[in-house]
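S.K.: Using the working numbering, the letters of the sequence shown correspond one by one to residues 20 to 338. Every residue, glycine too, gets a C-beta built ideally from N, C-alpha and C. Pasting in a structure now, in structure tokens, and then I'll have a few things to ask.
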Amino acid sequence: MADLPESQVLQCRPFSCVGVDYAGPIPMRDNKLRKSRTYKAYIAVFVCMSVKAIHLELVSDLSTPAFLAAFDRFVARRGLPTTVYSDCGTNFVGADRQLRQLINSPAAQSIITSGKSYCDWKFNPPSAPHFGGLWEAAVRSCKRLLVRIMGAHAFTYEEFTTVLCRVEAVLNSRPLTPASTDPHDLDCLTPGHFLIGQPLLALPPRTTECPERPLTDRWKLLDHCHQHFWRRWSTEYLHTLQERGKWTRDQPNIEVGQMVTIRDSLAPPLEWRLGRVLEVLPGADGVVRVVRVLTSRGIVTRPAAKLVLLPGNGTGPLI
């Protein structure tokens, strides 16, 4: 198993490094009338890579403009992320292309160089959903809650946006670490602690009459609480990511020139394509996880987990 990515172990602002994916389609209706028109909508799921906080946005369709509008709303409320991870969806690729054109314009260059506001977009290889396991798990949790809440009903826009905010609050109140054995510690660490200082579904604190504190004292108190949450994150949560339940033995890397079979879950094994490895793309630890393969239909990029090495591999000439 590979080492943890840098984005998951660094102390940084929530949503400074995010993964994004879609959930849906979700049936919706124009109004509460019995014969109102029904249509499909989607949910853009943004996941913070460091504290696992989740942000949900309602999207009307799978087009690039619709996603850019959702991304604009996300940035307005959570701040511009430095890095965005996603699959190779056409809407995500189109959004990256339009953002690059916007960033490379002369008017934006002066703002970027002065404010250091730059967003780097990184795509997973095709047919590799396990590369985005973090946001795939968030999509599963979101859909599971929506199925329990909605059932077979179709909600209006106002009803569904309200439900979506409640689902987001529930997901951001989930514990990051197991409950403490200390009977005096009744509060477990959640993503909400890094967003508002407490779980989003917690009861508001009782107001007590006390003399007003200066603003500097209040700022020091909030900063102390924030540092306390990060200390708990580093001592209680980070070590849980280091557990490695499998891949205890090293496997040899795939090499250029080897013959492989490309596994395809949508086709029977007799129709799987053959190819020869044209290029390997190792990670920072030297382990090859992405490979470019030359097939009879052209060059494709696939994760190493989807390739089956054929016996008697050599390094002969490319086909």
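What are the boundary residues of the alpha helix (DSSP H) that residue 185 is part of?
M.R.: Taken as a continuous stretch (DSSP letters only), the alpha helix (DSSP H) holding residue 185 covers 176-190.
S.K.: If distances are taken between C-alpha atoms only, which option among 192, 277, 215 comes closest to residue 207?
M.R.: Nearest of 192, 277, 215 to residue 207, Cα basis: 192.
S.K.: What would DSSP say about residue 2, mapped onto helix, strand or coil?
M.R.: Given a span of 20 to 338 for the chain in the structure shown, any question on residue 2 remains unanswerable.
S.K.: Looking at the structure shown, is residue 34 part of a helix, part of a strand, or coil, going by DSSP?
M.R.: It is coil, neither helix nor strand.
S.K.: Please say whether residue 55 and residue 29 have beta carbons closer to each other than 8 angstroms?
M.R.: No; because the gap between Cβ atoms is not below 8 angstroms, this pair is not in contact.
S.K.: If distances are taken between C-alpha atoms only, which option among 44, 31, 152 comes closest to residue 98?
M.R.: Here the closest residue by C-alpha is 31.
S.K.: Indicate whether residue 313 and residue 273 have their beta-carbon atoms separated by less than 8 angstroms.
M.R.: No, Cβ-Cβ distance for residue 313 and residue 273 is not below 8 angstroms.
S.K.: Between residue 45 and residue 270, what straight-line distance do the alpha-carbon atoms span, to the nearest angstrom?
M.R.: Distance between the alpha carbons of residue 45 and residue 270 is about 42 angstroms.
S.K.: Alpha carbon to alpha carbon, how far is residue 132 from residue 76?
M.R.: Unreliable placement is indicated for residue 132, whose pLDDT of 43 sits below 50; no coordinate value is reported for it.
S.K.: Hey, could you find the ends of the alpha helix (DSSP H) residue 207 is sitting in?
M.R.: Run containing residue 207: none; DSSP gives neither H nor E here.
S.K.: Near residue 213, what residues of its chain come up, given a Cβ to Cβ distance below 7 angstroms and the 5 sequence neighbours on each side ignored?
M.R.: Closer than 7 angstroms at Cβ, skipping near neighbours: 33, 70, 72, 248.
S.K.: For a quick check, are the C-beta atoms of residue 275 and residue 296 less than 8 angstroms apart?
M.R.: Closer than 8 angstroms, so yes.
S.K.: By the DSSP assignment, the beta strand (DSSP E) with residue 139 in it spans what residues?
M.R.: Where residue 139 is concerned, the enclosing beta strand (DSSP E) stretches over 139-142.
S.K.: What residues are listed by DSSP as bridge partners for residue 278?
M.R.: For residue 278, which the question treats as bridged, DSSP gives the partners 295.
S.K.: With distances taken from CA atoms, which of 305, 168, 311, 324 is nearest residue 282?
M.R.: It is 324.
S.K.: Starting from residue 196, follow the beta strand (DSSP E) in both directions and report where the run begins and ends.
M.R.: From DSSP, residue 196 is part of no beta strand (DSSP E); its letter is neither H nor E.
S.K.: Starting from residue 322, trace the alpha helix (DSSP H) in both directions and tell me its first and last residue.
M.R.: Premise fails: residue 322 lies in the beta strand (DSSP E), 317-322, not in any alpha helix (DSSP H).
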